[in-house]
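Q:
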Amino acid sequence: MPDLNERTNKLYIKHAVGSRMLLDVSGTQKPFELAECPRGWSFVIEQVDAETVQQLKGCARDLNIFYFVEQPGHPVHKRWFYDKDIPQLHHNAETGCLTIEIDSMMEYNNEKV
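The numbers in numbering that gives the first Met the number 0 rise by one with no breaks, and the one at position 7 of the sequence shown is 6.
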């Protein structure tokens with residue numbers, strides 16, 4: 000029997016054109032945090048290599064970030080994060096920690112698809 004208190008948080012970073020996956024944070028099991036910040040929202044993702052950061056910076060204007068919260072017995076809580084201009088990306092090469100600051104968010108679901 001599933002634990003009804005068990006939550007799974009998933010984070011996907013995709014390219015807006017074609018929805019190409021750029022970083023499956025959940026699939027690679029990288030620790031991450033989501034918090035509100037003065038600009039809007041901040042994602043802090045650990046263990047991100049320099050090559051991935053360069054790829055994200057190269058298409059920063061076209062980033063879509065999807066954050067899902069799954070809990071047994073409940074509908075999936077979905078949020079789409081994007082930036083009206085260009086998200087701020089900061090990478091600490093020593094620690095591998097990537098911070099993405101973004102200004103817009105929309106909640107959605109698939110119930111009316």
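Cβ coordinates follow ideal geometry from the N, Cα and C atoms, glycine included. Just so you know, these numbers come straight off a predicted model, no measurement behind them.
Is the Cβ-Cβ distance between residue 22 and residue 51 less than 7 Å?
A: Residue 51 sits close to residue 22, with the two beta carbons spaced by under 7 Å.
Q: Would you decide whether residue 97 is buried or exposed? Buried here means 16 or more other CB atoms lie within 10 Å of its CB.
A: buried
Q: Can you give me the start and stop residues for the alpha helix (DSSP H) that residue 56 sits inside?
A: Per DSSP, residue 56 belongs to the alpha helix (DSSP H) from 49-57.
Q: What are the start and end residues of each continuous alpha helix (DSSP H) run of 4 or more residues lying completely inside the region 13-97, in chain order?
A: 49-57
Q: Secondary structure at residue 123, three-state DSSP: helix, strand or coil?
A: Limits of the chain in this structure are 0 at one end and 112 at the other, which puts residue 123 out of reach.
Q: State buried or exposed for residue 85, treating a residue as buried only when at least 16 other CB atoms are found within 10 Å of its CB.
A: Exposed: under 16 other Cβ atoms inside 10 Å.
Q: Can you name, in chain order, every residue of its own chain whose Cβ lies under 8 Å from the Cβ of residue 38, other than the five neighbours on each side?
A: If the five residues before and after residue 38 are omitted, its C-beta is found closer than 8 Å to the C-beta atoms of 87, 100, 101, 102, all from its own chain and listed in chain order.
Q: Report buried or exposed for residue 48, applying the criterion of at least 16 other Cβ atoms within 10 angstroms of its Cβ.
A: exposed
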